[in-house]
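**Student:** Submitted below is the structure of interest, expressed as structure tokens.
Residue numbers (the UniProt record's numbering): 1 to 421.
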């Protein structure tokens, strides 16, 4: 039975290993070469360094699970490129990030030692003014605040006090603590360590997401407060505005990542914005429920409602593909409702939602069009030929598919509005 379960697990790794091909390829520099600009970007600040470390740990957890399954099946760890082929790009990404982390650590240790040596020389110089400046640590604050892993990507200042601009440059990372906000009063190290441990546990569990989702059917029914507490008392228009804002934040994360890396993020690299996906899915269920029931205000947090929790899309799919499909699904479900069963309030709110969804789809289509045109221009500059085959558009194939889906959805919505008018 162990061998059978291991073979099933290995097969799942071959399937789940395919999306990891979207990860950044291994650095072309030799192991002994100095850190590249990409390495410095990964560890340029304390926040970036912590995100890179968390992402590296998550990849290590995925690799460890793969190797454990291989040991159960063959009685030995995998050796050589052929046996590691299902996770080849994951291994390459892990080595690249680990090399960047170690290079940064070596530079910082050297800088620390050089600084300590220089301060010691100045203290021994006998100059009272210099000694006073060194002892006073001029130019530095009296105490360094503890840094938590910054995961509040796209949250407005009114929500958690963290600006969008400060977090829009976040491109990759894995861990996400259970709370989406970072309190300024968290200054004790035990709390910070607990927060980091929670992120590590989530990073390790994330590697098992594919297998666990297949066992559970991919759906879960959260407790009623999880579904409604955040939106209790909000009107339908407010919920729809919040939904559009969340979709814009998810799209902005994608565009920032694409501008920096030249490709769309994969599932593991979208883990820092999982809380945004959860909020978006809660909003979608809430709005659909209110439109069907004709409710003008969101019910209290004690009202139960089913929900399908969807994690960020895997593989090379764009992280706002789910919002686009959600818009289409909501519009279609609204159209399928019998008119005789729809109360007047529901019909009015459905019309409002129809117009807003159409506008959102058009705006998204415009953004995708600009991004794809930019890709085609860059492709022509590099290869001196126009895009003509699937291999040419493979890095952004999901965006091309999505663009076609949005065009079709807009045409259907407009046709439906004409028929109803």
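Yeah, the Cβ is synthetic: ideal placement off N, Cα and C, and Gly gets one too.
Helix, strand or coil: which one does DSSP assign to residue 348?
**Tutor:** In this prediction, residue 348 scores a pLDDT of 49, lower than 50, which makes its location untrustworthy; no coordinate-derived value is stated.
**Student:** Under the assumption that residue 82 contacts residue 42 (Cβ atoms under 8 Å), give the Cβ distance between them as a whole number of angstroms.
**Tutor:** About 29 Å; that fails the 8 Å criterion.
**Student:** If you draw a straight line from the alpha carbon of residue 94 to that of residue 56, how long is it in whole angstroms?
**Tutor:** 6 Å
**Student:** Roughly how many angstroms lie between the CA atoms of residue 294 and residue 414, to the nearest whole one?
**Tutor:** 23 Å
**Student:** Throw me the rounded Cβ distance for the residue 283 and residue 248 pair, which I believe falls under 8 Å.
**Tutor:** Residue 283 to residue 248, Cβ: 13 Å. No contact.
**Student:** Taking just the CA atoms, how far does residue 90 sit from residue 17?
**Tutor:** Residue confidence for residue 17 is low, a pLDDT of 43 falling below 50, so the modelled location carries little weight; the figure read from the coordinates is stated next. Distance between the alpha carbons of residue 17 and residue 90: 8 Å.
**Student:** Taking the Cβ atom as the reference point for each residue, do residue 371 and residue 255 lie within a distance shorter than 9 Å?
**Tutor:** Cβ distance < 9 Å, so residue 371 and residue 255 count as in contact.
**Student:** For residue 77, does the count of other Cβ atoms within 10 angstroms reach 16, so buried, or fall short, so exposed?
**Tutor:** With fewer than 16 other Cβ atoms within 10 Å, it is exposed.
**Student:** Could you tell me whether the segment 354-373 touches the segment 391-406, where touching means 3 or more Cβ pairs closer than 8 Å?
**Tutor:** Output reads yes: the segment 391-406 touches the segment 354-373.
**Student:** So is residue 45 buried or exposed if we call it buried at 16+ other beta carbons inside 10 Å?
**Tutor:** Classification of residue 45: exposed, given that the 10 Å Cβ count is below 16.
**Student:** Once DSSP output is grouped into helix, strand and coil, what is the label at residue 235?
**Tutor:** strand
**Student:** Does the separation of the CB atoms of residue 253 and residue 267 fall below 9 Å?
**Tutor:** no
**Student:** What residue range does the alpha helix (DSSP H) around residue 264 cover?
**Tutor:** Taken as a continuous stretch (DSSP letters only), residue 264 belongs to no alpha helix (DSSP H), as it is neither H nor E.
**Student:** CA-CA distance, residue 387 and residue 376?
**Tutor:** 6 Å
**Student:** Output needed for residue 60: all residues of its chain with C-beta closer than 8 Å, excluding positions within five of it in sequence on either side, in chain order.
**Tutor:** 94
**Student:** Return the CA-CA distance between residue 75 and residue 277, expressed in angstroms with no decimal places.
**Tutor:** Answer to the nearest angstrom: the Cα atoms are 40 Å apart.
**Student:** Do residue 290 and residue 398 have their C-beta atoms within less than 9 Å of each other?
**Tutor:** no
**Student:** Would you mind reading off the limits of the alpha helix (DSSP H) that contains residue 73?
**Tutor:** 46-74
**Student:** Can you have a look at residue 239 and say buried or exposed, based on whether 16 or more other CB atoms are within 10 angstroms of its CB?
**Tutor:** buried
**Student:** Less than 9 Å between the C-beta atoms of residue 104 and residue 49, yes or no?
**Tutor:** yes
**Student:** What beta strand (DSSP E) runs, 3 residues minimum, are completely inside the UniProt domain "FAM13A-like" (356-414)?
**Tutor:** none
**Student:** Where does residue 127 sit, in a helix, a strand or coil, going by DSSP?
**Tutor:** coil
**Student:** Does the distance from the CB of residue 236 to the CB of residue 280 come in under 9 Å?
**Tutor:** no
**Student:** Less than 9 Å separating the beta-carbons of residue 131 and residue 120?
**Tutor:** no
**Student:** From the DSSP output, in three-state form, read off residue 216 for me.
**Tutor:** Only weak support is given to the placement of residue 216: the predicted model assigns it a pLDDT of 43, under 50, and the question is left unresolved by the model.
**Student:** Tell me whether residue 84 sits in a helix, a strand or coil according to DSSP, three-state version.
**Tutor:** Coil.
**Student:** Can you grab the Cα-Cα spacing for the pair residue 51 / residue 402, in whole Å?
**Tutor:** 29 Å
**Student:** Can you give the Cα-Cα distance for residue 125 and residue 80, rounded to whole angstroms?
**Tutor:** 57 Å
**Student:** Tell me the residue span of the alpha helix (DSSP H) that contains residue 291.
**Tutor:** 274-293
**Student:** Measure the alpha-carbon distance for residue 136 versus residue 108 and round it to whole angstroms.
**Tutor:** A straight-line Cα-Cα distance of about 22 Å links residue 136 and residue 108.
**Student:** Check the C-beta distance from residue 417 over to residue 354 and give it rounded, since I have them as a contact under 8 Å.
**Tutor:** 7 Å
**Student:** Can you give the beta carbon distance from residue 361 to residue 410, rounded, assuming they're within the 8 Å contact cut?
**Tutor:** Rounded to the nearest angstrom, the Cβ distance from residue 361 to residue 410 is 5 Å, consistent with a contact under 8 Å.
**Student:** By alpha-carbon positions, which one of 96, 97, 98, 70 ends up nearest to residue 85?
**Tutor:** Answer by Cα proximity: 70.
**Student:** Where does residue 113 land, buried or exposed, given buried means 16+ other C-beta within 10 angstroms?
**Tutor:** exposed
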